[in-house]
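Here's the structure we're looking at; comments come further down.
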Amino acid sequence: MIEKIKQAFEEHFGKDPLLFKSPGRINLIGEHTDYNDGFVLPAAVDLGVYFACKPNELNKYRFYSYDLEDVCVRDVHDIAISKTRWVNYLLGVIAQFEKSGKKVQGFDCVLGGNLPMGAGMSSSAAVETGLAFAINQMEGYGYETLDLVKFSQKAEHEYAGVQCGIMDQFAVMHGEHQQVIKLDCRSLEYRLYPFHMDNYELILVNTGVKHSLASSEYNKRRQECETGVALLQKHFPEINSLRDVDLEQIQNFEQEFDPVVYNRCSYVVEENLRLERACAALEKDDMKAFGQEMYGSHEGLRDKYEVSCDELDQLVDLARSVEGVLGSRMMGGGFGGCTINLIAKKSVPDFEQKVLESYQTPDGGQPEIIKVKIERGTHPVQINEK
Ligand code: GLA
213 MIEKIKQAFE EHFGKDPLLF KSPGRINLIG EHTDYNDGFV LPAAVDLGVY
263 FACKPNELNK YRFYSYDLED VCVRDVHDIA ISKTRWVNYL LGVIAQFEKS
313 GKKVQGFDCV LGGNLPMGAG MSSSAAVETG LAFAINQMEG YGYETLDLVK
363 FSQKAEHEYA GVQCGIMDQF AVMHGEHQQV IKLDCRSLEY RLYPFHMDNY
413 ELILVNTGVK HSLASSEYNK RRQECETGVA LLQKHFPEIN SLRDVDLEQI
463 QNFEQEFDPV VYNRCSYVVE ENLRLERACA ALEKDDMKAF GQEMYGSHEG
513 LRDKYEVSCD ELDQLVDLAR SVEGVLGSRM MGGGFGGCTI NLIAKKSVPD
563 FEQKVLESYQ TPDGGQPEII KVKIERGTHP VQINEK
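According to this note's numbering, the sequence shown holds residues 213 to 598 in order.
Dropping the structure here:
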């Protein structure tokens, strides 16, 4: 893939670009907890977006999307939200460097890869984080990776209009080979857990449903959580977020809540607890117990947080019916995208067969089955590396 991106760069812009890879991410458990100051357990994967970049001394940013076969050129003085959606993830990042007081000189950039878009694997975070990393290298700014993560998250807020948490950009940047990241989204401290794949596989199944509702419903969920926090603060002034709330506290005041807000908030409190149990299981190498928490997470997302959809539920039910599937749940923001499935290696053929036999995407096609490996985060690439 990187060869193709480099070649495309040479065709469009010239020789000797710098090359980078920025991966997609999965999330094992801990969904919709990041913007509630809670915990998440993501990892970067082998699929990703590749970049070829080079300063051009033209006072222009020239972008070519290899996958979309589309070009976009912007004057360096003309950074504003564009009607062309894919470009916003890039312009949004440049805008953050400028806000931090750094002028980004003109450059050429080709990007493209093998990460499915709109599948809930954070292709947008891969693009944002990849460009932030590339600019930092090209310009020699010396920003810390965490600064670049925050620039990328801000780009998503301001240029894509999604008030996302920090999980995606953090995971994409800080991923490590065969390790999952337990991230405390309040302190941003993290711990890596080895995730052994000798006996298991992680398989995503793409519903084929694009999460079109996602951004408006996502922002609404955030507000509902804030409403719940404001209510609880009347009783517990020391609370800053749902992270600070325990089950008993919220249960004791259930009658004061709007039922929908109550469900949203109790889901978040429970999901943090599930994640703690899942990490304890991981430490004991008890993948069966780990998988049970994944199923529990899906139920909460479906019934209380209401971000699933029929297709995701159908795929999780299918997974449950196959022996050797330890856990299955919707992954990411919801309303479409993928399920993530933890499967004993020997049961993978049965699982695949069952999915292909029993599930059709909304356009009547076969679902994409994506086997992922856990790999390192955003990094420079040498051309002899595949
Ligand atoms: C999206 C957001 C993340 C996170 C997940 C849900 O992927 O970008 O910040 O909130 O949804 O867990």
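No residue lacks a Cβ here, since even glycine has one placed at the ideal position from N, Cα and C. These numbers were taken from a predicted model, which means no experiment stands behind them.
Three-state secondary structure (DSSP) of residue i
i, result
"residue 368", "helix"
"residue 599", "As shown, the chain starts at 213 and ends at 598. That puts residue 599 outside it, with no answer to give."
"residue 289", "coil"
"residue 598", "Its pLDDT being 45, under 50, residue 598 is placed unreliably by the model, and nothing is read from it."
"residue 324", "strand"
"residue 452", "coil"
"residue 355", "coil"
"residue 463", "helix"
"residue 243", "coil"
"residue 518", "coil"
"residue 254", "strand"
"residue 438", "helix"
"residue 306", "helix"
"residue 213", "coil"
CB contact check: residue i to chain B, cutoff 8 Å
i, result
"residue 242", "In the displayed structure, chain B is absent; only one protein chain is listed."
Classification of residue i by the beta-carbon crowding that lies within 10 angstroms, buried from 16 upward
i, result
"residue 595", "exposed"
"residue 271", "exposed"
"residue 523", "buried"
"residue 546", "buried"
"residue 297", "exposed"
"residue 472", "exposed"
"residue 515", "exposed"
"residue 565", "exposed"
"residue 532", "exposed"
"residue 243", "buried"
Identified DSSP bridge partners for residue i
i, result
"residue 556", "412"
"residue 229", "Answer is none; residue 229 lacks a bridge partner."
"residue 542", "551"
"residue 273", "286 and 319"
"residue 591", "233"
"residue 403", "394"
"residue 263", "232 and 323"
"residue 580", "418"
"residue 537", "555"
"residue 388", "391"
"residue 586", "257"
For residue j and residue i, believed in contact at Cβ under 8 Å, the rounded distance
i, j, result
"residue 530", "residue 499", "Rounded, the Cβ-Cβ distance is 20 Å, inconsistent with contact."
"residue 325", "residue 213", "6 Å"
"residue 341", "residue 234", "5 Å"
"residue 587", "residue 559", "So it is not a contact: roughly 24 Å between Cβ atoms."
"residue 368", "residue 555", "Between residue 555 and residue 368 the Cβ distance is about 31 Å, and since that is not below 8 Å, they are no contact."
"residue 571", "residue 579", "5 Å"
**Report entry** Three or more C-beta pairs below 8 Å linking the segment 241-255 and the segment 218-228
**Finding:** Segments in contact, no.
Requested in this report: Count the C-beta pairs between the segment 390-409 and the segment 494-508 that are closer than 8 Å, then say yes if the count reaches three, no if not.
Outcome: Between the segment 390-409 and the segment 494-508, the count of C-beta pairs closer than 8 Å reaches three or more; the two stretches touch.
Requested in this report: State whether the segment 412-422 contacts the segment 448-465, with contact taken as three or more CB pairs (one from each stretch) at a distance under 8 Å.
Outcome: The way I'd put it, the segment 412-422 doesn't touch the segment 448-465; fewer than three beta-carbon pairs between them come closer than 8 Å.
Report task. Report yes or no: do three or more beta-carbon pairs, one from the segment 507-516 and one from the segment 271-281, lie closer than 8 Å? Result -> At 8 Å Cβ cutoff, the stretches do not touch.
Query raised in the report: Are three or more beta carbon pairs between the segment 434-446 and the segment 463-477 nearer than 8 Å?
Result: They touch, by the three-pair rule.
Requested in this report: Spell out a yes or no on whether the segment 383-394 and the segment 252-262 are touching, meaning 3 or more CB-CB pairs, one atom from each, closer than 8 Å.
Outcome: With the cut-off at 8 Å, the segment 383-394 and the segment 252-262 touch.
Report task. Check whether the segment 308-317 touches the segment 346-353, counting contact only when three or more Cβ pairs, one atom from each stretch, lie closer than 8 Å. Result -> By the Cβ test, the segment 308-317 is in contact with the segment 346-353, since at least three Cβ pairs between them sit closer than 8 Å.
Query raised in the report: Should the segment 232-240 be regarded as contacting the segment 327-341, the criterion being three or more beta carbon pairs within less than 8 Å?
Result: Put simply, the segment 232-240 touches the segment 327-341. At least three CB pairs are less than 8 Å apart.
Query raised in the report: Is the segment 362-377 in contact with the segment 296-307, if contact means three or more CB pairs nearer than 8 Å?
Result: Result yes; three or more Cβ-Cβ pairs closer than 8 Å.
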